[in-house]
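Below you'll find the structure, written out as structure tokens, and then a few comments.
Numbering (this note's numbering), first residue to last: 749 to 1016.
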């Protein structure tokens, strides 16, 4: 029996071609790369200064979205974000107030996460002793404002993001990244702030009058447990329209701008 010649055209979907090929007696033809260009996995290693699942997933999604889009502009590389989380101290008050203290807390978390990551690498086998590309700190804070009409104190919720990363970070495929760990000399720092929103009077009273942390005030007012590990204050007040993870993701993407357009930010 003569097997008809099977031709490969770019316009034939890859799956259809291989289904047809399977029905013939022809040997396997190594032409898959014609239809789906060879892809590589871009590995990004990130140390996060928090063990809060909400913050960790926000970091993961932000990095994946930003670098996947950046890579796909010119290559077929996929992205894998490997996160190591550390219970990094903020070295500020449990409930930061104002931009300066909140931003400092975010930076301290990123720096302490980076230090913890270095110590971790120093204690593991060389086979998995891989340097980190970025360190991230997230810190929620409050802004106290006097309402010009009522003359009453109001509280606005916000958060600061800090990212420390290699100034020369560039990686097109697995194994192509610079193997040098982040050092203080080649590190760049970036900051970004979330939008802010007004807290209800019940929460303001607990925070201002009773010095209660926002997360604990949320739990009391809304009869919840550990709400800061879930949708957070913003999720409760918007009834799920914006949850805490999404709230962080936008600010984290803004914080990654220097690595999206390094020609404008990371010049030596």
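Glycine included, each C-beta is placed from N, C-alpha and C at the ideal position.
Local conformation of residue i per DSSP, three classes
{"i": "residue 828", "result": "strand"}
{"i": "residue 980", "result": "helix"}
{"i": "residue 955", "result": "helix"}
{"i": "residue 807", "result": "helix"}
{"i": "residue 800", "result": "coil"}
{"i": "residue 969", "result": "helix"}
{"i": "residue 793", "result": "strand"}
{"i": "residue 863", "result": "helix"}
{"i": "residue 834", "result": "coil"}
{"i": "residue 962", "result": "helix"}
{"i": "residue 1004", "result": "coil"}
{"i": "residue 947", "result": "coil"}
{"i": "residue 917", "result": "coil"}
{"i": "residue 785", "result": "Low confidence applies to residue 785: its pLDDT is 46, below 50, so where it sits in the model is not reliable, and the reading given next is rough at best. Of the three classes helix, strand and coil, the one that applies to residue 785 here is coil, per DSSP."}
{"i": "residue 757", "result": "Confidence is the limiting factor: at residue 757 the pLDDT is only 43, short of 50, which leaves the residue's position unreliable, though a coordinate-based value still follows. Three-state DSSP puts residue 757 in coil, outside helix and strand."}
The alpha helix (DSSP H) enclosing residue i, as first and last residue numbers
{"i": "residue 990", "result": "From DSSP, residue 990 is part of no alpha helix (DSSP H); its letter is neither H nor E."}
{"i": "residue 1012", "result": "1010-1013"}
Cβ shell of residue i (< 7 Å), same chain only, five flanking positions each side left out
{"i": "residue 892", "result": "845, 901 and 903"}
{"i": "residue 1007", "result": "913 and 917"}
{"i": "residue 854", "result": "885, 886, 887, 908, 909 and 910"}
{"i": "residue 729", "result": "Residue 729 is absent from the model: the chain starts at 749 and stops at 1016."}
{"i": "residue 997", "result": "806, 809 and 810"}
Cβ-based neighbour list, residue i, same chain, cut-off 6 Å, excluding 5 preceding and 5 following
{"i": "residue 993", "result": "802, 805 and 806"}
{"i": "residue 954", "result": "960 and 965"}
{"i": "residue 833", "result": "796, 799 and 804"}
{"i": "residue 839", "result": "856"}
{"i": "residue 781", "result": "With a pLDDT of 31 at residue 781, under the threshold of 50, the predicted position of this residue should be treated as unreliable, and no value is reported."}
{"i": "residue 1013", "result": "1006"}
{"i": "residue 812", "result": "827 and 829"}
{"i": "residue 938", "result": "911, 1003 and 1006"}
Length of the line joining the Cα atoms of residue i and residue j
{"i": "residue 765", "j": "residue 941", "result": "Unreliable placement is indicated for residue 765, whose pLDDT of 43 sits below 50; the coordinate value is still reported in the next sentence. Residue 765 and residue 941: Cα-Cα distance of roughly 50 Å."}
{"i": "residue 819", "j": "residue 826", "result": "8 Å"}
{"i": "residue 958", "j": "residue 907", "result": "22 Å"}
{"i": "residue 816", "j": "residue 842", "result": "35 Å"}
{"i": "residue 836", "j": "residue 828", "result": "23 Å"}
{"i": "residue 949", "j": "residue 885", "result": "29 Å"}
{"i": "residue 810", "j": "residue 968", "result": "31 Å"}
{"i": "residue 895", "j": "residue 1000", "result": "30 Å"}
{"i": "residue 814", "j": "residue 1004", "result": "8 Å"}
{"i": "residue 925", "j": "residue 973", "result": "Caution applies to residue 925, whose pLDDT of 49 falls short of 50 and renders its modelled position unreliable; the value that the coordinates give is listed next. Taking the straight line joining both Cα atoms gives about 42 Å."}
{"i": "residue 981", "j": "residue 847", "result": "19 Å"}
{"i": "residue 984", "j": "residue 951", "result": "12 Å"}
{"i": "residue 793", "j": "residue 962", "result": "31 Å"}
{"i": "residue 905", "j": "residue 860", "result": "24 Å"}
{"i": "residue 988", "j": "residue 979", "result": "7 Å"}
{"i": "residue 858", "j": "residue 898", "result": "39 Å"}
{"i": "residue 1015", "j": "residue 788", "result": "27 Å"}
{"i": "residue 943", "j": "residue 851", "result": "14 Å"}
{"i": "residue 1010", "j": "residue 791", "result": "19 Å"}
{"i": "residue 869", "j": "residue 915", "result": "21 Å"}
{"i": "residue 947", "j": "residue 867", "result": "40 Å"}
{"i": "residue 970", "j": "residue 849", "result": "27 Å"}
{"i": "residue 936", "j": "residue 986", "result": "35 Å"}
Residue interval of the beta strand (DSSP E) (run including residue i)
{"i": "residue 891", "result": "882-894"}
{"i": "residue 902", "result": "901-914"}
{"i": "residue 938", "result": "935-941"}
Own chain, CB closer than 8 Å to residue i, minus 5 neighbours either side, in chain order
{"i": "residue 865", "result": "795, 832, 834, 880 and 883"}
{"i": "residue 956", "result": "892, 901 and 903"}
{"i": "residue 934", "result": "914, 915, 916 and 928"}
{"i": "residue 990", "result": "982 and 983"}
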